[in-house]
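> Supplied in structure tokens, the structure appears directly below.
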Amino acid sequence: MEFNKIATLLNNTLVPNVFGEGQEEGERITIAEDLSNVVDLGIALEDLDADTLKNYSKTLAVGVFDTWCDTRKYKDETYDLFMSEIEWGGAVQRVKAKLMSASDTPILTLVNAKDNGPDYNDGKYYGAEWDSRIYSKDSGFMVKYSIPVEEFKKSFTSAAGVAKLIAMIEATVDNTLRVELNTLARGVLRKLVVNAYEGNRYIPLITLYNTLNGYVSGDSEYVTLSNWKRNITFKLWVQTVCLELRKYMTDINNKYNNGSVECFSPEDETRAVLLTEFATELDVALGSVYHKEMVDGVGSYRSINYWQNGTKDLLPQIGTSLHDEIKETDGETVVTIDHVVGVFYDKYSAFITNKLDKTTVAYIAQGDFNTYFHHVVKSYAIDPRNTAVALVLS
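Going by this note's numbering, the sequence shown opens with residue 913, and the numbers climb by one from there.
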């Protein structure tokens, strides 16, 4: 965080707490933008006992967290699925305002409001109204870290010390949320694939290729799960399919949605996630025929090592392992899709939000430190009206 932002943060949090809101302006210090007088604040902090410091330092921690949330970047994070709660509402209006279609289906919110409406004092996020075809999940995760009292006080003896303290808080928040959101994004991608599979919006690449070319078992060009890597012609054909999918998604679509809102995707808003092993094979095939620098085979895409949250194999193999399967349980129904290698979707067809719920702090007397707990609400939704398409190597 830049010095001027740190100064603003301190002037809005610690300074009013330590020096009091009621003091005359001339009596209360104002932290300079270059933090040159931050030592004055440090002197005041030295006189505070641990219990009082706990409350003041909490306001700073909350301020750092909120500033981080307001300034974080979304591009290229969690497979381009990550969006804030504000962008969520904007996406809803984007679709409905452009195409002016309405839905009579029942609506759901991410969190059920009370009888008298949402209670915004509880820190929960109430989702924008949507039609009934929505998958929602509301659960929280915690960002936690500890700051010894002495370390907190000594940080305010210099501008560099304050910057390091705030950088430590930011790094803890960033690293924790990045891991949590990446895991959540994988779950969203799996749900997109399942939606495509259940809606017959999946392409069995090997079967389709053999059928289009009239190849049957025994032919030298017949492609199977065990020999597809050796067939450059097949892999170049797959790249053509990928490019076609992007262009198909740019047209207003009625075919695969539920009829409530017609959908289309500008080409730069289509997204693709390919299995790493599969994407690598496509790149090698392209490079063996054309100059790689001059050709973009399937357009921009993100790669994923496996669709599940973990694998015991360092290099999961499509043809010999089942780690690329998608399994979703809905009641007693289990959906299993073998050998998924990619999914194409509109970037507005899946959403992830997160926001600060509340922050608590506890003083641990034995170690003379404060432990902070940031409770974060995380939610996601998938809108199956868009034309998410899964590629399956079968």
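The beta carbon of each residue, even a glycine, is placed where N, CA and C say it ideally should be.
Ordered along the chain, which non-local residues of its own chain (more than five positions away) have a Cβ less than 8 Å from that of N1033?
Your numbering for residue 1033 matches position 121 in the sequence shown. Residue confidence for N1033 is low, a pLDDT of 41 falling below 50, so the modelled location carries little weight; the figure read from the coordinates is stated next. The answer is none, since no qualifying residue turns up.
> I'd like the list of long-range same chain contacts for E1205, defined as Cβ closer than 6 Å, with 5 residues on each side in sequence excluded.
Locating residue 1205 in the sequence shown gives position 293, counting from the first residue. At E1205 the pLDDT is 48, less than 50, meaning the model places this residue with poor confidence and gives no usable figure here.
> Taking all protein chains shown into account, decide if N1282 is buried (16 or more other Cβ within 10 angstroms of its Cβ) or exposed.
For the purposes of this step, residue 1282 is identified with residue 370 of the sequence shown, where counting begins at 1. It is buried - the Cβ of N1282 has at least 16 other Cβ atoms within 10 Å.
> Is the number of C-beta pairs between the region 923-932 and the region 970-978 that are closer than 8 Å three or more?
These segments touch.
> What is the rounded straight-line gap between the Cα of L1305 and the Cα of E1237?
Locating residue 1305 in the sequence shown gives position 393, counting from the first residue. Locating residue 1237 in the sequence shown gives position 325, counting from the first residue. If I take the Cα positions, the gap works out to 11 Å.
> Count the other CB atoms within 10 Å of the CB of G932; is the residue buried (16 or more) or exposed (fewer)?
Reading the sequence shown from its first residue, position 20 is the one you call residue 932. That one is exposed.
> Out of D992, D946, T1192, which one is the CA nearest neighbour of E1181?
By one-based count along the sequence shown, residue 1181 stands at place 269. When each option's Cα is compared against that of E1181, the closest is D992.
> Look at the alpha carbon of V1135 and the alpha carbon of R1183, and state the distance between them as a whole number of angstroms.
Taking the first residue of the sequence shown as position 1, residue 1135 is located at position 223. Taking the first residue of the sequence shown as position 1, residue 1183 is located at position 271. Near 27 Å, if we compare the C-alpha coordinates of R1183 and V1135.
> Mapping the DSSP letters down to three states, classify R1183 as helix, strand or coil.
On the sequence shown, residue 1183 is found 271 positions in, with the first residue counted as 1. Strand, per DSSP.
> Going by alpha carbons, who is nearest to G1279 out of P1178, V1061, T1088, L965?
By 1-based counting over the sequence shown, the position of residue 1279 is 367. Of the candidates P1178, V1061, T1088, L965, the one whose C-alpha sits nearest the C-alpha of G1279 is V1061.
> At the level of alpha carbons, what is the spacing between Y1257 and V1074?
In the sequence shown, the residue the question calls residue 1257 occupies position 345. In the sequence shown, the residue the question calls residue 1074 occupies position 162. Each residue's Cα considered, the two are about 44 Å apart.
> Using only alpha-carbon positions, find the residue among I1078, N1122, L1157 that is nearest to T1145.
Counted from its first residue, the sequence shown places residue 1145 at position 233. For the residues I1078, N1122, L1157, the minimum Cα distance to T1145 belongs to N1122.
> Assign Y1213 to one of three DSSP states: helix, strand, or coil.
For the purposes of this step, residue 1213 is taken as residue 301 along the sequence shown, with counting starting at 1. It is coil, neither helix nor strand.
> Give the DSSP-derived three-state secondary structure of D1250 in the structure shown.
Against the sequence shown, residue 1250 aligns to sequence position 338. Coil, per DSSP.
> Which word fits N1139, buried or exposed, when buried means at least 16 other C-beta atoms lie within 10 angstroms of its C-beta?
Stepping through the sequence shown from its first residue, residue 1139 is reached at position 227. Exposed: under 16 other Cβ atoms inside 10 Å.
> If you pair each beta-carbon of the region 953-968 with each one of the region 1270-1279, do three or more pairs fall below 8 Å?
The region 953-968 vs the region 1270-1279: in contact.
> Using a Cβ-based criterion (distance less than 8 Å to any ligand heavy atom), does L947 qualify as near the ligand GTP?
The ligand GTP is not part of this structure, which contains no ligands at all.
> Answer with buried or exposed for N967, where buried requires no fewer than 16 other C-beta atoms within 10 angstroms of its C-beta.
On the sequence shown, position 55 is the one that residue 967 refers to. N967 is exposed by the Cβ-count criterion.
> Given this structure, state the Cα-to-Cα distance separating V930 from G1099, to the nearest angstrom.
Against the sequence shown, residue 930 aligns to sequence position 18. Against the sequence shown, residue 1099 aligns to sequence position 187. Cα to Cα, V930 sits roughly 45 Å from G1099.
> Going by alpha carbons, who is nearest to A1097 out of M1054, K1159, S1215?
Position 185 of the sequence shown, counting from 1, holds the residue named residue 1097. Ranking the options by Cα distance to A1097, first place goes to S1215.
> Using only CA atoms, which one of S1177, V1091, E1063, K1270 lies nearest to I877?
Past the boundaries of the shown model lies residue 877; the chain is included only from 913 to 1306, so the question cannot be answered.
> Looking only at its chain, what residues have a beta carbon closer than 6 Å to the beta carbon of V1105, apart from the 5 residues adjacent to it on each side?
Numbered from 1 along the sequence shown, position 193 holds the residue referred to as residue 1105. Taken in chain order, the residues that qualify are I1238, V1252, V1255, A1302.
> Here's the rule I'm using: 16 or more other beta-carbon atoms within 10 Å means buried, otherwise exposed. How should A1072 be labelled?
Along the sequence shown, one-based indexing puts residue 1072 at 160. A1072 is exposed by the Cβ-count criterion.
> Out of V976, L957, A956, Y1292, point me to the one whose CA is closest to I918's CA.
Within the sequence shown, the letter at position 6 stands for residue 918. The option with the nearest alpha carbon to I918 is V976.
> Count the other CB atoms, across all protein chains shown, that sit within 10 Å of the CB of E1324; report buried if there are 16 or more and exposed otherwise.
This structure cannot speak to residue 1324, because the chain is shown only from 913 to 1306.
> Quick one: what does DSSP say P1116 is sitting in, helix, strand or coil?
Counting from one through the sequence shown, the residue named residue 1116 turns up at place 204. It is a strand residue.
> K1159: buried (16+ other C-beta within 10 angstroms of its C-beta) or exposed?
For this step, residue 1159 is matched to residue 247 along the sequence shown. K1159 is exposed by the Cβ-count criterion.
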